[in-house]
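What follows is a short report on a single structure.
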Amino acid sequence: MQSYIETRSLIIGCIANLAMACAGWIAFHFSHSEALLLDGNFSFVLFLTGLLAVGIALVKKHNSNAALLDGIYTVTKSLLIMFVLLTAVVSNIVKIFDYLSGKPVAPLIPGVIGYYIVAVVTICFSLAAFYRYQNRKIANSSRLLATESTASLIDGIMSSGAGAALLLVCLIPPTSTLSFMLYIGDAIAVLLLSVCMIKQPILMISEVVNEALTGNTLETSS
Numbered sequence: 000m001q002s003y004i005e006t007r008s009l010i011i012g013c014i015a016n017l018a019m020a021c022a023g024w025i026a027f028h029f030s031h032s033e034a035l036l037l038d039g040n041f042s043f044v045l046f047l048t049g050l051l052a053v054g055i056a057l058v059k060k061h062n063s064n065a066a067l068l069d070g071i072y073t074v075t076k077s078l079l080i081m082f083v084l085l086t087a088v089v090s091n092i093v094k095i096f097d098y099l100s101g102k103p104v105a106p107l108i109p110g111v112i113g114y115y116i117v118a119v120v121t122i123c124f125s126l127a128a129f130y131r132y133q134n135r136k137i138a139n140s141s142r143l144l145a146t147e148s149t150a151s152l153i154d155g156i157m158s159s160g161a162g163a164a165l166l167l168v169c170l171i172p173p174t175s176t177l178s179f180m181l182y183i184g185d186a187i188a189v190l191l192l193s194v195c196m197i198k199q200p201i202l203m204i205s206e207v208v209n210e211a212l213t214g215n216t217l218e219t220s221s
């Protein structure tokens with residue numbers, strides 16, 4: 000029963016995350032927003048690790064080391080999330096320095112940003128709630144679903160924060176003293192969001208390490 004619920008839920012999540020990744024890349028192409036590129040990359044990481052989670056859900060019912068497989072998955076996912084955030088931080092620091100040094104930087108184009116944010120934030124929060132609901136069906140016994148729920152929640156918060164910042168930036172007149180935000184406002188938003196979001200993957204890793212050290216099964220609900 001648990002394997003069936005996990006597998007079905009994770010497959011649905013993979014489809015949703017792949018759709019959001021493609022939407023993020025397309026939105027980046029039309030808006031020049033690094034924040035949307037980060038959002039798309041984050042969703043793609045969730046898609047890839049979701050595929051890994053499906054594989055684990057299918058095989059762990061025949062494996063006595065199910066808890067170990069779940070722990071390895073959680074650590075792998077957390078490290079990938081940290082890598083995406085670190086890459087985004089580096090690339091956007093470079094973008095800010097390029098602007099300050101006088102190199103040409105494409106300004107934001109607001110067209111698709113609002114539509115993208117509304118759609119993606121709705122999907123992310125719905126997916127997080129879906130994972131939590133499915134996990135409750137099996138007494139919150141699935142670390143896989145708990146991890147996916149947390150990751151989707153992070154994605155939704157990141158998307159909503161980036162969207163709000165971008166929409167505010169796009170309201171700045173080109174003649175304003177704050178017009179520089181039209182060029183690097185999204186980069187600043189990415190840096191702030193990355194700093195805020197780095198805590199979650201670190202906490203997920205610390206839970207796995209704590210479980211390994213104590214030999215206790217942690218509560219997967221959050």
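In case it helps, numbering that gives the first Met the number 0 puts the sequence shown at residues 0 to 221. Every residue, glycine too, gets a C-beta built ideally from N, C-alpha and C. Note that this is a predicted model, so its numbers are computed, not measured.
Helix, strand or coil for residue i, going by three-state DSSP, please let me know.
{"i": "L107", "result": "coil"}
{"i": "K59", "result": "helix"}
{"i": "E5", "result": "helix"}
{"i": "T174", "result": "coil"}
{"i": "G101", "result": "coil"}
{"i": "F179", "result": "coil"}
{"i": "H28", "result": "helix"}
{"i": "I197", "result": "coil"}
{"i": "N209", "result": "helix"}
{"i": "N139", "result": "coil"}
{"i": "N64", "result": "coil"}
{"i": "I204", "result": "helix"}
{"i": "M81", "result": "helix"}
{"i": "M0", "result": "coil"}
Kindly indicate which residue of the options has the alpha-carbon position closest to the one of residue i.
{"i": "N134", "options": "L35, T146 and N16", "result": "T146"}
{"i": "I55", "options": "F43, T73 and A163", "result": "T73"}
{"i": "N16", "options": "M196, L37, L36 and V44", "result": "V44"}
{"i": "I201", "options": "I14, L79, F27 and V189", "result": "L79"}
{"i": "E210", "options": "F46, P103 and R142", "result": "R142"}
{"i": "I187", "options": "A34, I116, A22 and Y3", "result": "A34"}
{"i": "G113", "options": "G12, L166, G39 and C13", "result": "L166"}
{"i": "A164", "options": "F82, I95, P109 and I11", "result": "P109"}
Are the CB atoms of residue i and residue j nearer to each other than 7 Å?
{"i": "S193", "j": "L67", "result": "no"}
{"i": "G155", "j": "V120", "result": "yes"}
{"i": "L144", "j": "Y130", "result": "yes"}
{"i": "M203", "j": "I153", "result": "no"}
{"i": "Y182", "j": "V89", "result": "no"}
{"i": "M180", "j": "V168", "result": "yes"}
{"i": "S42", "j": "G23", "result": "yes"}
{"i": "S148", "j": "A127", "result": "yes"}
{"i": "T137", "j": "I4", "result": "It is Ile, not Thr, that sits at residue 137 in the sequence shown. Yes, they are a contact pair."}
{"i": "S77", "j": "C123", "result": "no"}
{"i": "C21", "j": "F46", "result": "no"}
Quick one: Cα of residue i to Cα of residue j, how far?
{"i": "S32", "j": "L107", "result": "6 Å"}
{"i": "T48", "j": "M157", "result": "18 Å"}
{"i": "P224", "j": "G162", "result": "There is simply no residue 224 to check, as the chain begins at 0 and stops at 221 in what is shown."}
{"i": "M19", "j": "L99", "result": "32 Å"}
{"i": "L212", "j": "D69", "result": "15 Å"}
{"i": "K59", "j": "A65", "result": "5 Å"}
{"i": "T174", "j": "L57", "result": "58 Å"}
{"i": "L36", "j": "N91", "result": "11 Å"}
{"i": "L51", "j": "L177", "result": "45 Å"}
{"i": "D185", "j": "M0", "result": "44 Å"}
{"i": "L191", "j": "S30", "result": "20 Å"}
{"i": "F27", "j": "Q199", "result": "25 Å"}
{"i": "S205", "j": "T86", "result": "22 Å"}
{"i": "V53", "j": "R7", "result": "8 Å"}
{"i": "S221", "j": "S140", "result": "Residue placement at S221 cannot be trusted, given a pLDDT of 41 that sits under 50; the coordinates are not used to answer."}
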